[in-house]
Structures are given as structure tokens and as C-alpha cells.
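Participant: Going by the numbering used here, the sequence shown opens with residue 114, and the numbers climb by one from there. Beta carbons are placed, not taken as given, at the ideal position from N, Cα and C, and that holds for glycine. What follows is a single structure, and I will ask about it in a moment.
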Amino acid sequence: MANEPSHSASATPALGLLTERGIPHGVHTFDHESSSRLDHPDYAMQAARLLGVPAEAVFKSLVWSVDARAVLALVAATTTVSAKRLARAIGGKKAHLMDVTSAERVSGSVTGAISPLGLRQELPVVIDEEVLLHSPVYVSAGRRGLEISLDPQDLITATGARVAALGTPARN
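Quick look at the structure:
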């Protein structure tokens, strides 16, 4: 189930981008749990558990609005984004998480499958500094149940991301 090769290198825009740029990566599949079985699904934690990888190495992509500008923030599954830290990282003043409909429209993916690679709209990307502590790191490939593993430096380069202290421990 996990660690299966993709049947098509361009199965999603994210995979197409990595293949086009020649960036080494792995493709991992899992049977995600339907949101109808969960009150508040945490897709990144679910991916870590079902793939059998450390949750600290699985990064979730969240679309935020910073001073009315869409920004993509990546933090580990075990972490939440600090709005103040995110705003500061890109020279803004106020940040808030975008609503689901807006996030899906901007990213081109459904919630739980937003990939930092191959976005519908080009967005500034900020990745929590914890990304540098893990190799490989895992991000969504743009479809629920499909994850990409890659070197953190390759992720930073491919997304043009800034690395900053964004995260705070998630509340359980």
C-alpha cells in the first residue's frame, strides 16, 4: 500500500513539476480515512500514521491571508502556524487562515491534499525551520492518499520558499 511508484509521473501537477525539473522524490500511497468517519480530520497526522513515518517529518500545507495576500505556510503535522510569526516572516502585519473554499480555489486542490508544488496560483511559500531537521520530508502530492517524499532542500528550492520559525506545538 505505501511506497508504491506512481503509475504516471504527471499524475498531479506536483508530480509533474518534480519530474520536469528532475528532482528526486518518492511517491507514497495510502488509503486515507474518509472525512465522514472523522469529525475533524487531520490529514497530515493521518498520512504519518498510515505511512508509518514520523509525524514531525510530514508537512501540511495551509493557505493563509497575510494583509489580504494569499500565502502558503508549511508546518509539521505536530505543529500549528503562529499567525504573528507568519506575518513577520513575509513583512506583514495581520495573518489569518483562509476559509476552505478560498484555500481550495487558490491552491487548486481540496483540503487535505494541498501540495506546495504545482499550485494553481503562484504563492509566496514559507516553511517552518523544523523542515531542516528531517530527511526526507513528506508533503501532499495534490490528492488525498498520495504523498511525496523528498530532500528538504529540494522542497525549499522547488517552492522558492523562505524558511522561518512558524510553528507552535499543536493542541490536542
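Tell me which same chain residues have a C-beta within less than 8 Å of the C-beta of V276, skipping the five on either side of it?
Facilitator: Counting only Cβ-Cβ distances below 8 Å, and skipping sequence neighbours, we find V239, I240, D241, E242, V244, L245, I269.
Participant: Secondary structure at V244, three-state DSSP: helix, strand or coil?
Facilitator: Residue state, collapsed to three classes: helix.
Participant: By DSSP, does A115 sit in helix, in strand, or in coil?
Facilitator: With a pLDDT of 41 at A115, under the threshold of 50, the predicted position of this residue should be treated as unreliable, though the coordinate-derived value follows. Of the three classes helix, strand and coil, the one that applies to A115 here is coil, per DSSP.
Participant: Enumerate in chain order the residues of its own chain whose CB-to-CB distance from A226 is below 7 Å, with the five nearest sequence positions on each side excluded.
Facilitator: Counting only Cβ-Cβ distances below 7 Å, and skipping sequence neighbours, we find S253, G255, R256, R257.
Participant: Can you grab the Cα-Cα spacing for the pair L263 / R198, in whole Å?
Facilitator: One C-alpha to the other measures close to 25 Å.
Participant: Using only the alpha-carbon positions, how far apart do V250 and A170 sit?
Facilitator: Computed Cα separation, rounded: 5 Å.
Participant: In this structure, does DSSP put G193 in helix, strand or coil?
Facilitator: Per the sequence shown, the amino acid found at residue 193 is Thr instead of Gly. Of the three classes helix, strand and coil, the one that applies to T193 here is strand, per DSSP.
Participant: Can you check which of these residues, A278, T281, E260, is closest to H138 by C-alpha distance?
Facilitator: Taking only the C-alpha atoms, the option nearest H138 is E260.
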